[in-house]
Amino acid sequence: MAEIEIPRSVVRGMVALSVLAVAVVVLMLTETEPNLGMWVFAVVMVLAAVGFWAAYFYQRAKNRRGE
């Protein structure tokens, strides 16, 4: 796999997305009339954040091992 250096600005953006994803899920849990569109939006945001962080930490661990 090719070495990919993720810029700090991308990591900061994903931190913001992660916080917003959690906020949207909390909003949907407290909403009196939740709708399907907002739930789909919240789930997609959470999945995007989880996928990014999993790949990011995998890449960092791989770089530390020297592979």
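If you number the sequence shown the way our numbering does, the last residue is 102 and the count never jumps. Backbone N, C-alpha and C define an ideal beta-carbon position, used for all residues, glycine too.
For this session: Identify the continuous alpha helix (DSSP H) that holds Asn98 and give its terminal residues.
Result: Against the sequence shown, residue 98 aligns to sequence position 63. Unbroken alpha helix (DSSP H) run through Asn98: Leu71 to Arg100.
For this session: State the start and end residues of the unbroken alpha helix (DSSP H) segment that holds Thr67.
Result: The count along the sequence shown starts at 1 and reaches residue 67 at position 32. It is not in any alpha helix (DSSP H) - Thr67 carries neither H nor E in the DSSP assignment.
Problem set entry | Of the listed residues Ala89, Asn98, Glu68 and Arg99, nearest to Val46 (C-alpha basis) | Stepping through the sequence shown from its first residue, residue 46 is reached at position 11. Nearest C-alpha to Val46: Ala89.
Exercise. Nearest-angstrom Cα distance between Met73 and Gln94?
Worked result: Along the sequence shown, read from residue 1 onward, the residue named residue 73 stands at position 38. Along the sequence shown, read from residue 1 onward, the residue named residue 94 stands at position 59. If you draw a straight line from the Cα of Met73 to the Cα of Gln94, it comes to about 32 Å.
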